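Presented below is the structure to which this report refers.
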Amino acid sequence: MKNLTGRGKVYAAICLLSLVFSYLIVTLNYFPYLGIALSFLVFLLFSYKYKVGKQKDTKLYFVFAILFSLLVFIRGEPLTTFFNLVAAIFFGFLMLLPGQEKNLGFTDQIYAPFLFVLKSVFTRSDYYLEFEKKTGNSKIVKWAEVAFGILIAILLMAIVLPLLSSANPFFQKIVLDSWNFFKLDNLLRLIGLQTAFIWLVRVGFFVFFIFMIPKVISLINKNDDYSLPSEFKKENLPLLIPKLILAIILIVFFVTQLQFYFATDETLRSLGLSHSQHTREVFTQLSLVAGIVLLLVYNSRQESSFGKLINWMLVVQGIFLTLMAFKSDFEYINAWGLTYRRLYGLTFATWITGIFVLFFENFRHKNVAALFVKKTIIFSGVILLAVNVLNFDYLIYHFQKARTGQGIDYTYLSMLSADSLSYKEQIVKLEEMSDVDSYSLDVYDNKNPLIIIHKIENLQNKYSKFDLRTMNLLDFWQYQQIKSQDTKQLRADYEDTLKILNEVRKKSL
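Okay, here's the thing in structure tokens:
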């Protein structure tokens with residue numbers, strides 16, 4: 000290390016990080032929450048350290064990427080985890096992008112990360128094992144390229160050798176003799192096929208990281224244009240007539256929608272509609288209007304007073320529909336409690352309303368479109384942070400449980416993730432209902448009690464062989480509450496109960 004130049008030390012650090020990352024993110028059976036979170040955090044800090052010319056936006060995107068990386072470890076609900084991963088990657092890419100001379104629009108923000116990855120593959124790395132003292136004719140060996148070449152060669156051998164062996168028995172004999180000569184069968188049996196596969200995947204990630212990370216660190220400090228090519232932006236679309244016709248149709252539509260959404264239950268029943276159909280219809284219309292406003296109004300370049308009037312009308316119509324969506328969703332929640340769909344419906348309506356307000360303000364003050372784009376991205380990040388903080392699973396169980404016509408929907412509650420911190424209460428309820436004779440859907444509306452039992456056993460199995468890489472904060476918190484819970488007798492009782500119920504149903508049919 001003493002003889003390495005500055006760039007050589009950076010490359011050595013990248014090699015070490017690549018080794019750690021490949022170990023942290025490749026696990027067996029369980030998702031590596033902490034492994035991925037730590038890998039993201041370390042990479043973000045490392046790349047931020049070597050990025051020059053940190054602008055205000057760069058720092059803001061860096062903070063968002065750090066927060067969502069932490070939330071990957073904190074939250075365990077699958078959909079929320081997916082959103083957090085996407086957000087961490089997206090804001091991470093925005094942080095990595097060099098300063099742009101031109102402001103980026105919506106399509107540019109989507110296009111830029113993909114272009115950045117593509118350029119990273121083909122860019123020349125500025126970092127390699129470089130020593131201060133060089134002999135006269137010494138050449139620089141780029142170990143990342145050597146390792147990458149070896150990996151590609153191994154993959155080619157894995158594909159080509161079986162194909163050629165199947166086509167030529169003489170060649171097949173040579174391959175089998177070589178395989179036996181090196182005693183690869185004994186090696187695989189000694190290591191274990193599963194273990195060998197896991198380590199092969201880790202080697203693949205390691206080579207990928209030492210190939211890509213130096214290029215990424217090199218590219219973040221090179222000025223380049225990441226906007227969509229001008230060929231795709233040459234002409235403005237003639238949108239005045241479509242917007243005018245659409246505005247007229249929506250005016251008529253909203254008049255009828257007022258009658259529909261403020262109709263009484265008797266009127267809805269006479270039309271053959273239920274509350275759920277009512278709510279779904281609102282959000283279908285909301286999605287359409289949101290798309291209309293963002294695609295038509297945002298892409299409009301009308302300078303005439305009439306064109307501006309149509310834009311204002313479309314924005315107001317979009318806001319009007321979101322207000323009706325809020326009304327319908329709140330009514331449904333009051334009637335049947337909270338669910339993922341209803342909470343995400345409120346979140347979507349809030350997000351759309353916020354975008355409408357941002358566009359309204361930007362349009363009124365005649366600001367550049369890029370400012371609206373930045374505010375929308377930041378607002379979207381704030382909304383997702385709020386979703387994480389509110390913890391929908393916890394809200395559903397502890398504040399307003401999902402209900403059906405028979406009462407509390409225990410079937411739905413049993414499908415909540417460990418983020419709800421409800422497994423202990425649910426298993427206690429199961430113990431109370433463990434008497435087969437007292438089991439009735441009218442008393443305990445749980446069509447499959449084995450779901451919550453399986454979730455508890457899965458947590459117990461996961462942390463009985465503790466792997467720090469797969470640890471999740473709320474997951475582990477929930478485990479602490481149920482780690483000593485014995486589920487064997489309950490499983491046996493409810494398996495027998497479900498068998499009896501199934502037999503009764505078959506006889507009734």
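FYI, numbering that gives the first Met the number 0 numbers position 483 of the sequence shown as 482, with every residue one higher than the one before it.
Quick reminder that beta carbons are idealized off the backbone N, C-alpha and C, glycines included.
Computed from a predicted structure; not experimentally measured.
Taking 8 angstroms as the cut-off, decide whether the C-beta atoms of Y32 and M323 are in contact.
no
Grab me the residues of A401's own chain with a C-beta within less than 8 angstroms of its C-beta, minus the 5 sequence neighbours each way, in chain order.
W335, G336, L337, T338, I395, I407, D408, Y411, L412
Quick test of the definition: if touching needs 3 or more C-beta pairs under 8 angstroms, does the region 473 to 481 touch the region 412 to 425?
yes
Consult DSSP for L322 and reduce its assignment to one of helix, strand or coil.
In the structure shown, L322 sits in a helix (DSSP, three-state: H, G or I).
On the three-pair Cβ rule with 8 angstroms, is the region 350 to 359 touching the region 78 to 93?
no
Using 8 angstroms as the threshold, is the C-beta distance between P213 and Y10 below it?
It is a contact, given that the beta carbons lie within the stated cut-off.
Residues that G406 bridges to, as DSSP identifies them:
T403
Check this for me: beta carbons of I332 and Q258, under 8 angstroms apart or not?
no
Determine the extent of the alpha helix (DSSP H) in which F358 is found, giving its start and end residues.
Where F358 is concerned, the enclosing alpha helix (DSSP H) stretches over 339 to 363.
Is there contact between the region 24 to 39 and the region 49 to 60, where contact requires at least three CB pairs shorter than 8 angstroms?
no
State the DSSP-derived secondary structure class of F130, mapped to helix, strand or coil.
strand
Three or more C-beta pairs below 8 angstroms linking the region 244 to 251 and the region 73 to 84
No, because fewer than three Cβ pairs between the region 244 to 251 and the region 73 to 84 fall closer than 8 angstroms, the two stretches do not touch.
In this structure, what does DSSP give as the bridge partners for L3?
F130
Rounded to whole angstroms, what's the CA-CA distance from F67 to R268? Just pull it up for me.
45 angstroms
CA-to-CA distance, D495 to L383, given in whole angstroms:
If you take the alpha carbons of L383 and D495, they lie about 43 angstroms apart.
Please state the DSSP three-state secondary structure of I219.
coil
Between which residues of its own chain and L342 is the CB-CB distance below 6 angstroms, once the five residues before and five after are set aside?
F391
With distances taken Cα to Cα, identify the nearest neighbour of D466 among A12, K8, S327, I24.
It is I24 whose Cα lies nearest to the Cα of D466.
Less than 8 angstroms between the C-beta atoms of G344 and D328, yes or no?
yes
Can N83 and L96 be called in contact, C-beta distance under 8 angstroms?
No, the Cβ-Cβ distance between N83 and L96 is not below 8 angstroms.
Would you tell me roughly how many angstroms separate the C-alpha atoms of S17 and W198, rounded to the nearest one?
14 angstroms
Measure the beta-carbon distance from L357 to F378 and round it to whole angstroms, keeping in mind my assumption that it falls under 8 angstroms.
6 angstroms
Any idea what DSSP makes of R490, helix, strand or coil?
helix
Do you know how far the Cα of Q480 is from the Cα of R490?
Cα to Cα, R490 sits roughly 19 angstroms from Q480.
Just the Cα atoms here: how many angstroms apart are V62 and N387?
16 angstroms
Please report the straight-line C-alpha distance between G203 and T255, rounded to a whole angstrom.
59 angstroms
From what residue to what residue does the alpha helix (DSSP H) around K67 run?
It is worth fixing the name first, because residue 67 is Phe in this sequence and not Lys. From DSSP, the alpha helix (DSSP H) with F67 extends over 55 to 73.
Given F253, which residues of its chain have a CB within under 8 angstroms of its CB, disregarding the five upstream and five downstream residues?
Within its own chain, the residues whose Cβ lies closer than 8 angstroms to the Cβ of F253, once the five positions on either side in sequence are excluded, are Q316, F319, L320, listed in chain order.
Report the three-state DSSP secondary structure of P448 (helix, strand or coil).
coil
Own chain, CB closer than 8 angstroms to F130, minus 5 neighbours either side, in chain order:
N2, L3, T4, G7
If the criterion is Cβ atoms closer than 8 angstroms, does the pair S433 and F205 meet it?
no
Any idea if G98 is buried or exposed, counting beta-carbon neighbours within 10 angstroms, 16 or more meaning buried?
exposed
Exposed or buried, which one is F113 when buried takes at least 16 other CB atoms within 10 Å?
A residue is called buried once 16 or more other Cβ atoms fall within 10 Å of its Cβ, and F113, having fewer, is exposed.
Could you tell me if D176 is buried or exposed, where buried requires 16 or more neighbouring beta carbons within 10 angstroms of its beta carbon?
exposed
Can I451 and Q484 be called in contact, C-beta distance under 8 angstroms?
no
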